[in-house]
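Q: Protein chains in written order, with my numbering: chain A, 9 to 578; chain B, 127 to 539. What follows is a single structure, and I will ask about it in a moment.
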């Protein structure tokens with residue numbers, strides 16, 4: 009009977025067809041179940057469940073609570089059992105799937121054999137198609153080659169090498185000179201403070217031994233104190249054992265070079281005649297001054313920008329190299345944005361009324377390398393350099409746009425509209441987010457990208473001048489209304505507030521795990537960068553101060569109203 | 127007697143002996159095999175290749191070839207979990223050639239060389255009946271369709287690119303990319319990442335209609351077998367005796383590897399063909415240069431496959447931005463107290479090597495493209511239906527289509 013059944017082709021065909029369909033459906037069902045289980049358990053980690061973490065935290069506070077210990081153990085067993093049950097499900101399901109697939113394939117193979125296409129030689133044409141075949145083949149190869157080349161170039165241009173820079177020489181085993189192949193964005197970070205708020209303009213010092221105690225009145229830990237020749241609110245920069253300040257009044261606008269070790273003035277040079285500069289001086293508010301913008305350096309030269317609109321370049325020995333005029337500025341309070349360098353470029357942000365732009369000047373000769381218009385109103389903020397992981401970007405705060413630019417070309421990479429009013433605080437950058445704020449707005453955390461996204465926003469006592477500091481899990485701000493606030497960098501939750509007596513114009517800086525922020529009375533508020541306010545010290549300068557200090561190793565350089573101070577352990 | 131310790135080899139670190147009914151979970155990656163098992167695998171590979179060659183060239187039996195193929199799939203695929211495999215061994219050999227600190231095991235070298243040697247003599251018998259990756263695709267071929275010729279030719283460049291990339295990554299000690307994106311190893315091990323399983327599933331579903339897509343359009347080892355097979359002395363033929371040009375086999379190959387007769391007299395003038403050939407030869411260096419230049423742009427994405435470069439970039443990011451988003455690797459690196467400047471130096475050296483390798487990769491692709499264009503400009507005449515020596519996988523499907531009997535009066539065993 010079996011032999012007769014085997015000879016009945018139609019019956020065999022039907023059996024094969026039904027078997028293939030049933031087993032195929034079964035296999036699909038099992039596959040779907042496995043995929044669902046896989047997706048559901050993909051992110052489950054029995055050892056790092058949120059509930060677990062909470063119970064562990066509680067256990068740290070109540071280590072002797074037996075009920076809690078038992079609860080943790082029971083949860084642990086449950087979580088592991090669930091996890092391994094899932095593994096077992098996957099394992100058994102895979103075997104079932106394999107069996108199902110085999111049972112589907114066998115009848116399918118049989119069906120394909122009996123339904124195999126028979127050759128029909130009478131339908132085959134006899135003409136020679138070799139030339140046509142060769143032409144088609146060559147064209148196909150050319151097309152594929154072109155596509156591969158295009159994709160290669162697109163991929164190569166989109167994905168560029170991420171930066172690796174020379175390490176801090178205080179690192180163990182890092183006494184070597186940085187390899188020549190390293191990028192030149194930052195020259196010897198440990199020995200320079202190249203612009204406002206330090207390297208990249210983000211307020212993070214590389215030294216770990218900054219002093220936490222001094223007294224400007226008694227001279228405790230004041231290594232030296234030198235009068236500044238003229239008024240100004242620019243912050244000090246430090247390079248190659250020299251401290252530089254810009255200062256000015258109606259008589260002259262000058263750059264002053266101090267010896268970083270002794271405080272003696274090495275040279276003091278006036279701006280002099282600048283081609284194209286307007287003959288008349290602008291009217292400048294006393295609390296802004298001619299020298300509000302902080303200087304910048306590229307390691308070989310120093311650059312200064314004055315309220316007259318003049319940009320001047322000196323070498324480190326005081327020899328003038330070039331000067332340009334961009335004045336007069338159309339800016340109701342006077343120009344405030346500071347300078348920053350990137351490789352061979354001096355970045356100048358000029359957000360004037362009706363003519364907002366950002367420029368890159370060649371550091372060697374002052375020529376404009378690129379200029380990009382900005383759709384913003386007047387602002388006084390300074391650009392920062394942000395390493396997003398994929399590229400370096402210039403990030404600018406403005407009204408109404410926060411924007412990112414390619415420092416090599418000036419190309420606008422992204423914008424996010426969120427600001428308003430008078431924008432003076434510069435951005436901060438950490439954790440892949442740009443943090444921007446100004447008074448009467450909010451504190452925004454923006455994720456740069458082809459389409460920038462808002463990560464979070466928060467209210468609070470926001471600054472009108474001081475810039476935020478973002479480091480690790482925290483964002484610190486200090487307002488003119490005398491409030492220091494600390495926010496969670498990831499979600500914007502306010503962690504703590506501290507209200508000293510005096511407000512702040514200068515910006516906070518992180519050094520050695522502590523945050524330093526100087527109030528207008530010259531008192532430095534030092535506290536730990538932590539989720540709770542933990543004061544470290546409040547040393548006083550003895551005179552008013554509005555500038556952001558410079559930090560080099562175990563020294564701090566502070567510009568007071570009248571003097572330049574060098575703070576260090578005596 | 128010297129082999130006795132090998133045969134008696136046990137794990138150096140025995141697994142802990144838990145009390146109760148706890149059982150150790152199975153691992154997803156196979157445990158390292160003792161040397162004896164590896165020598166056994168090599169022996170079985172040799173036997174399988176020999177048997178396959180015999181069945182293809184002498185016995186000419188598709189059924190028996192299929193039987194050997196299923197056995198290979200079960201043993202080399204599911205039992206040995208797809209490792210060691212000749213396809214991946216390219217990387218071991220490449221690494222050994224460029225890294226003096228790495229010694230390729232003799233068994234791995236055998237897995238690399240044996241299929242190539244057999245191809246050199248007997249054609250791609252490895253692909254026909256021994257390769258587990260080919261076997262798992264072959265079993266799902268049920269309704270093959272003929273792909274458009276331009277698509278087949280265009281996709282034919284991919285294996286060369288893949289081969290070059292795999293060698294580059296292995297030679298620089300960056301990654302074994304063939305193993306990383308093997309679509310079928312997850313099936314052999316009954317476990318794998320979701321994307322790997324999905325890729326394999328897609329390949330198998332495609333394979334129902336497009337016969338052996340991985341073998342034809344992706345497999346890098348197939349490039350080497352292709353080259354070796356072109357010089358094979360005893361390649362499989364469709365007919366056991368003389369071809370009678372009956373055309374019955376013309377559509378029998380699901381891999382489109384049968385070459386039709388090409389008459390001696392060409393419809394195109396010799397002058398025209400010669401001009402084209404000379405032009406292609408003259409622009410070959412230009413193609414190579416352009417391709418090399420384009421290939422050099424890939425050094426950044428390739429560098430990111432190297433663990434040292436990844437670590438250096440992460441450390442650099444942490445150093446400069448003081449982010450709290452460190453990784454386990456960067457934490458471990460810092461805890462070891464190693465020099466960051468040394469790490470950066472190593473990363474820069476690796477980047478430089480990869481950049482140089484990308485130039486070579488591009489030049490190789492340009493050379494292959496140019497040579498293919500030249501090959502399609504050379505007219506090869508023939509009177510018979512023949513398998514393409516490079517592309518034919520020697521599966522034997524065409525045997526049953528040929529009505530010609532051999533000297534013993536049979537045409538299929």
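Using N, Cα and C, we set each Cβ at its ideal position, and we do this for glycine too.
With distance defined between alpha-carbon atoms, name the residue in 263/A, 97/A and 60/A nearest to residue 236/A.
A: Mapped onto the first chain, residue 236/A falls at position 228. Per the Cα distances, 263/A.
Q: Is it the case that the segment 458-469 of chain B contacts the segment 386-406 of chain B, given that we only count it when at least three CB pairs across the two stretches are under 8 Å?
A: No contact exists between the segment 386-406 of chain B and the segment 458-469 of chain B.
Q: Just curious, the beta strand (DSSP E) that residue 265/A is in, first and last residue?
A: To locate residue 265/A, count along the first chain from 1; it is residue 257. Element bounds for residue 265/A: 261-267.
Q: Going along chain A in order, which residues have a C-beta closer than 8 Å to the C-beta of residue 316/B?
A: Within the second chain, numbered from 1, the residue matching residue 316/B stands at position 190. Within 8 Å Cβ-Cβ: 99, 102, 103 and 106.
Q: When the cut-off is 8 Å and only beta carbons count, does residue 146/A lie next to chain B?
A: Mapped onto the first chain, residue 146/A falls at position 138. Answer yes: the Cβ-Cβ gap between residue 146/A and chain B drops below 8 Å somewhere.
Q: Would DSSP call residue 176/A helix, strand or coil?
A: Here residue 176/A refers to the residue found at position 168 of the first chain. Only weak support exists for where residue 176/A lies, its pLDDT of 42 falling under 50; the coordinates are left without a value.
Q: By the three-class DSSP mapping on this structure, what secondary structure does residue 95/A have?
A: Here residue 95/A is taken as the residue at index 87 of the first chain, counted from 1. Reduced to three states, the DSSP call for residue 95/A is helix.
Q: Chain A partners of residue 409/B, CB-CB under 9 Å?
A: Residue mapping note: residue 409/B aligns to position 283 of the second chain, counting from 1. Simply none; closest approach about 11 Å.
Q: Along chain B, in chain order, which residues have C-beta atoms closer than 7 Å to that of residue 46/A?
A: Residue 46/A sits at position 38 when you count from the first residue of the first chain. Neighbours of residue 46/A on chain B, chain order: 320.
Q: What residue range does the alpha helix (DSSP H) around residue 150/A cover?
A: As a working note, residue 150/A is residue 142 in the first chain. Where residue 150/A is concerned, the enclosing alpha helix (DSSP H) stretches over 138-166.
Q: Identify which residue in 254/B, 335/B and 174/B has its Cα closest to the Cα of residue 271/B.
A: Counting from 1 along the second chain, the entry for residue 271/B is found at position 145. Measuring from the Cα of residue 271/B, the nearest candidate turns out to be 335/B.
Q: Listing by chain order, which chain B residues have their CB less than 8 Å from the CB of residue 90/A?
A: Position 82 of the first chain holds residue 90/A. Those within 8 Å of residue 90/A in chain B number zero; the least Cβ separation is about 14 Å.
Q: Below 8 Å on the Cβ atoms is my contact criterion, and I expect residue 470/A with residue 451/A to pass it. Report the Cβ-Cβ distance as a whole number of Å.
A: Taking the first residue of the first chain as 1, we reach residue 470/A at position 462. Taking the first residue of the first chain as 1, we reach residue 451/A at position 443. Rounded, the Cβ-Cβ distance is 6 Å, consistent with contact.
Q: Could you pull out every unbroken beta strand (DSSP E) segment of at least 3 residues lying fully inside the segment 190-255 of chain A, listed in chain order?
A: Listed in chain order, they are 230-235 and 245-247.
Q: Taking the alpha-carbon positions, what's the residue 328/A to residue 425/B distance?
A: Within the first chain, residue 328/A is the residue found at index 320, counting from 1. Within the second chain, residue 425/B is the residue found at index 299, counting from 1. If I take the Cα positions, the gap works out to 42 Å.
Q: With 16 as the cutoff for other CB atoms within 10 Å, does residue 409/B come out buried or exposed?
A: The residue labelled residue 409/B in the question sits at position 283 within the second chain. Residue 409/B is exposed by the Cβ-count criterion.
Q: Name, please, each residue of chain B whose Cβ falls closer than 7 Å to the Cβ of residue 116/A.
A: Position 108 of the first chain, counted from the start, is the residue given in the question as residue 116/A. Correct list: 268.
Q: In three-state DSSP terms, what is residue 276/A?
A: Within the first chain, the letter at position 268 stands for residue 276/A. Strand, per DSSP.
Q: Whole angstroms is fine: what's the gap from residue 301/B's alpha carbon to residue 421/B's?
A: On the second chain, residue 301/B is found 175 positions in, with the first residue counted as 1. On the second chain, residue 421/B is found 295 positions in, with the first residue counted as 1. Cα to Cα, residue 301/B sits roughly 18 Å from residue 421/B.
Q: Return helix, strand or coil for residue 423/B, following the three-state DSSP convention.
A: As a working mapping, residue 423/B is identified with position 297 in the second chain. Of the three classes helix, strand and coil, the one that applies to residue 423/B here is coil, per DSSP.
Q: Assign residue 92/A to one of two classes, buried (16 or more other C-beta atoms within 10 Å of its C-beta) or exposed (fewer than that).
A: Within the first chain, numbered from 1, the residue matching residue 92/A stands at position 84. Exposed.
Q: Rounded to whole angstroms, how far is the Cβ of residue 296/A from the Cβ of residue 341/A, which I believe are closer than 8 Å?
A: Locating residue 296/A in the first chain gives position 288, where the first residue counts as 1. Locating residue 341/A in the first chain gives position 333, where the first residue counts as 1. Right, the Cβ-Cβ distance comes to about 6 Å (below 8 Å), so this counts as a contact.
Q: Which runs of the alpha helix (DSSP H), 4 residues or longer, sit entirely within the segment 196-244 of chain B?
A: 212-224, all fully within the segment 196-244 of chain B.
Q: Among all the DSSP beta bridges, which residues are the ones paired with residue 526/A?
A: Along the first chain, read from residue 1 onward, the residue named residue 526/A stands at position 518. In the DSSP output, where bridge partners are listed per residue, residue 526/A has 532/A.
Q: For residue 360/B and residue 520/B, what's the separation of their Cα atoms in angstroms?
A: For the purposes of this step, residue 360/B is taken as the residue at position 234 of the second chain. For the purposes of this step, residue 520/B is taken as the residue at position 394 of the second chain. Between residue 360/B and residue 520/B, the C-alpha separation is close to 12 Å.
Q: Apply the 10 Å Cβ neighbour rule to residue 370/B and answer buried if 16 or more other Cβ atoms are within range, or exposed otherwise.
A: Taking the first residue of the second chain as position 1, residue 370/B is located at position 244. By the neighbour-count rule (16 or more Cβ atoms within 10 Å), residue 370/B is not buried but exposed.
Q: Can you list, in chain order, the residues of its chain with a C-beta nearer than 8 Å to that of residue 537/A? Leave out the 5 residues immediately preceding and following it.
A: For the purposes of this step, residue 537/A is taken as residue 529 along the first chain, with counting starting at 1. Closer than 8 Å at the Cβ level, and outside the excluded window around residue 537/A, lie 479, 480, 482, 484, 518, 521, 522 and 523.
Q: Output yes or no for whether 8 Å exceeds the beta carbon distance between residue 290/A and residue 335/A.
A: Counting from 1 along the first chain, the entry for residue 290/A is found at position 282. Counting from 1 along the first chain, the entry for residue 335/A is found at position 327. Result yes, Cβ atoms of residue 290/A and residue 335/A sit closer than 8 Å.
Q: Assign residue 162/A to one of two classes, buried (16 or more other C-beta atoms within 10 Å of its C-beta) or exposed (fewer than that).
A: Here residue 162/A refers to the residue found at position 154 of the first chain. Per the 10 Å Cβ criterion, exposed.
Q: Is residue 469/B near residue 340/B, with beta carbons less than 8 Å apart?
A: Indexing the second chain from 1 puts residue 469/B at position 343. Indexing the second chain from 1 puts residue 340/B at position 214. Not closer than 8 Å, so no.
Q: Specify whether the segment 366-380 of chain B and the segment 293-311 of chain B touch according to this definition: at least 3 beta carbon pairs, one from each stretch, less than 8 Å apart.
A: Verdict: no, contact absent.
Q: Against chain B, does residue 484/A count as a neighbour if the rule is that its beta carbon must be under 8 Å from one of theirs?
A: The residue given as residue 484/A occupies position 476 in the first chain. Output row for residue 484/A: interface = no.
Q: Note down, in chain order, every chain A residue with its Cβ under 8 Å from the Cβ of residue 377/B.
A: Taking the second chain and counting its residues from 1, the one referred to as residue 377/B is at position 251. By Cβ distance, chain A contributes 125 and 127.
Q: In whole angstroms, what separates the C-alpha of residue 117/A from that of residue 268/B?
A: As a working mapping, residue 117/A is identified with position 109 in the first chain. As a working mapping, residue 268/B is identified with position 142 in the second chain. C-alpha separation (whole angstroms): 6 Å.
Q: Go through its chain and collect everything with a Cβ distance to residue 127/A's Cβ below 7 Å, but skip five positions before and after it.
A: If you number the first chain from 1, residue 127/A lands on position 119. Around residue 127/A: no qualifying Cβ.
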